[in-house]
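In our numbering, the protein residues as written are 183 to 734.
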C-alpha cells in the first residue's frame, strides 16, 4: 500500500508464485466474489537497486537496502527480512529520501541512522538490480479498502545471459484487514492456480546472480572440548566459541534496537577475557595484547548496557507512585536516554575504528591457526592443568566468602561476585570433560553469583541515582530529586534483603559437591603430574574467509 516518503510501517503480505500473471489479471478484472469489489489500477515500471557493504553488514543486521526510481524521485527503503508464517510475511519497512550527493550513509531520518549504525564506515556497493512491471488492483469490502493486490513480472539481469524472470502475486494488507481479505485470497488462489512463493525477490536475485552473503557466525575452527586435548587446545576451542558469539551479536548491537544483542556481545567479551586469564599459562603471550584490546571494547559496550538496564527499570521505578508523582520520573528517563545516545555514539566510534577492525582480523586469524606447535607450555594435558586451574579459583572464592558478614561493605560482595564469576566460567570451560560433577557445582556457583549480581545492581542503582541527584538537580527539579531519593531507599532495602540471602547461597560452596568434583578431577589427573599431549590436527586453512567486523 502507498506510504508517504520518510515513514515507517509494518508490511504484511501474502506472496504467491504464478506461471503467468496475465490469467490472474483477467480473473481479477471479472472477479465476482460476494462481499468484495475489485478496482483495477495503473501499471507501473519499478527500477530497483539493492545495495550492501562488501562484507554484507546490512544483510547481517537483518535488512535489505533498496533504492527505487519513482516519478516523484528516488526512494530509499530498508526492509527487515522475515520468513513467512502461515503464508504471510510480516516485515518492518522504513522509507526515506536518498541525499542529493548520492551517498546513502548521509541520509537523514531513521533510514540514515539505521544504515550508519549497521554499515559503520564501510561504503555501500550495488549488489544487483531488478526491473519489475507491476499492475495494481485495490480490493474493497463493505467496510472499505481491504488490500492492495500487485501482479509483478520481475527481471533479474545476470550478465551476458538473458535475465531471470519471476512472476509474483502479492497481496498487502494492514494488521486489521488480514481476516477480511482471507476469504477472497483463498478464492483467488484456487481460481488462478497460485502456489506459495518460495524465496523472496531478494533471495531469488541472490541465487540468480550467484551471490552468497557472509554467514552471521564465522567458522573460526573447532570448538569441541575433549579430555584428550591439551590445555592450549582447550583454551583455543573455548575462545573460538565465545568469539563467534561476540561477532554474531555485533550487527544487533550496532542497530541498538534489541538490547539482548548488546548483552550477549558483552557477556561473550567477558567470557573471552576470563578464558584468556584462566588459560594464560598455556596460551601464547601475544594473546595478552588481544585481552587488553578486548577490555577496551567491553568497556564501551558496558556503558550502554548499564544504561539499557536502568531504562528498562523505569516501569519498576514508577511502581508505588501515583500517576502525578510518576511524571516526576520523566526527567530521569529523558536524562538516561540522552546519556544512552551519547554512550552509543562512543560505542559505535569504537566499533567503527581501524583499531577494532585490526583486532577482529588478527584475533580471528590467530584462532584459525590454533595453538603454536612450538609453544611447549600449551601442550600440557588439560587433565593435568584443569585441577589447579579450578582449585585456584575455588580457594579465592572461599577466602573472600568466608570473610563476609552482614556488616561487610558492598565492595566486598562485589569483589566476591567477580571471583565467583571467574570460577563459574572456569567450570563451564572444562564442564564437557568432567560432566555432571562440574555442571552440578557450577549451578551452585551460579546461584551464588545471581544473588551477588542483584546486590551489585542495587548498589549501582543507588550510586547512579545519587550521582544524578547531585550533578543534575537544577535540571531535574525538586520533585524528581525527591522521587529519586525514594527509589534509592528501595534499592538500599533490597540490597539488605539480598545480604540476608547470602549465607544460604554461599553455604553449598563448603559442601560435598565441591569435594566430589575435586575427587573426580584429581582422579583423572595424569599420574606423572604434568603430561604433554600430541597436538590435534589443524583446521583446514582457507576453509572460510577471515571475518570482517560488522556482526558476522
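Even glycine gets a Cβ: it sits at the ideal position worked out from N, Cα and C.
Around the beta-carbon of residue 655, fewer than 16 other beta-carbon atoms lie within 10 Å, marking it exposed. Two segments are said to touch when three or more pairs of C-beta atoms, one from each, lie closer than 8 Å; by this definition the segment 604-615 touches the segment 448-461. About 17 Å separates the CB atoms of residue 414 and residue 569; that is not less than 8 Å, and the two are not in contact. Within a 10 Å sphere around the beta-carbon of residue 522 sit 16 or more other beta-carbons, which makes this residue buried.
Straight through space, the alpha carbons of residue 640 and residue 652 are spaced by roughly 18 Å.
Put simply, the backbone Cα of residue 361 is about 50 Å away from that of residue 421. Residues of the same chain with a CB within less than 7 Å of the CB of residue 703, apart from the 5 flanking positions on each side, are 568, 569, 572, 616 in chain order. Counting C-beta atoms within 10 angstroms of its own C-beta, residue 412 has 16 or more neighbours from the protein chains shown and is therefore classed as buried.
Comparing C-alpha distances from residue 618 to each of 665, 698, 195 shows the shortest one belongs to 698.
Between residue 561 and residue 486, the alpha-carbon positions lie close to 40 Å from each other. Counting along the chain, the unbroken alpha helix (DSSP H) around residue 521 starts and ends at 512-534.
In the DSSP assignment, residue 191 is bridged to 275. The criterion of a C-beta distance shorter than 8 Å is not satisfied by residue 437 and residue 531. DSSP places residue 602 in the helix class (H, G or I) of the three-state scheme.
Within the same chain, and ignoring the five residues on either side of residue 588 in sequence, the residues whose Cβ sits closer than 7 Å to its Cβ are 681. When DSSP states are grouped into helix, strand and coil, residue 336 belongs to the strand group. A straight-line Cα-Cα distance of about 10 Å links residue 596 and residue 602. In this structure, residue 291 keeps its C-beta atom at 8 Å or more from the C-beta atom of residue 283.
For a cut-off of 8 Å, the C-beta gap from residue 396 to residue 242 is around 7 Å, short enough to register as a contact.
For residue 353, the secondary structure class from DSSP, reduced to helix, strand or coil, is strand. Under a 10 Å Cβ-count criterion, residue 312 is classified as buried, with 16 or more other Cβ atoms of the shown protein chains found around its own Cβ.
Taking one beta carbon from each stretch, the segment 499-512 and the segment 665-676 have 3 or more pairs nearer than 8 Å; the two touch. CA-CA distance, residue 508 to residue 213, rounds to 56 Å. Going by DSSP, residue 490 is part of no beta strand (DSSP E) but of the alpha helix (DSSP H) stretching over 469-494. Short of 8 Å from the beta carbon of residue 598, and not among the five residues preceding or following it, lie these beta carbons of its own chain, in chain order: 579, 582, 583, 586, 634. Between residue 387 and residue 464 the beta-carbon gap is near 48 Å, outside 8 Å, which marks them as no contact.
Residue burial annotation: residue 431 is buried, with at least 16 other C-beta atoms found within 10 angstroms of its C-beta. The C-alpha of residue 529 is placed about 41 Å away from the C-alpha of residue 337. By DSSP's assignment, residue 645 forms no beta bridge with any residue.
Sequence-distant Cβ neighbours of residue 390 in its own chain, meaning closer than 7 Å and more than five residues away, are 338, 340, 346. Secondary structure note for residue 323: its beta strand (DSSP E) is the uninterrupted segment 306-323. Within the model, the alpha-carbon separation for residue 448 versus residue 490 is close to 13 Å.
Taking 8 Å as the cut-off, the Cβ atoms of residue 195 and residue 355 count as close.
Shown here for residue 296: same chain residues with a beta carbon closer than 6 Å to its own, the five before and five after excluded, namely 260 in chain order. The continuous beta strand (DSSP E) containing residue 251 extends over residues 245-251. For residue 221, the enclosing beta strand (DSSP E) starts and ends at 219-235.
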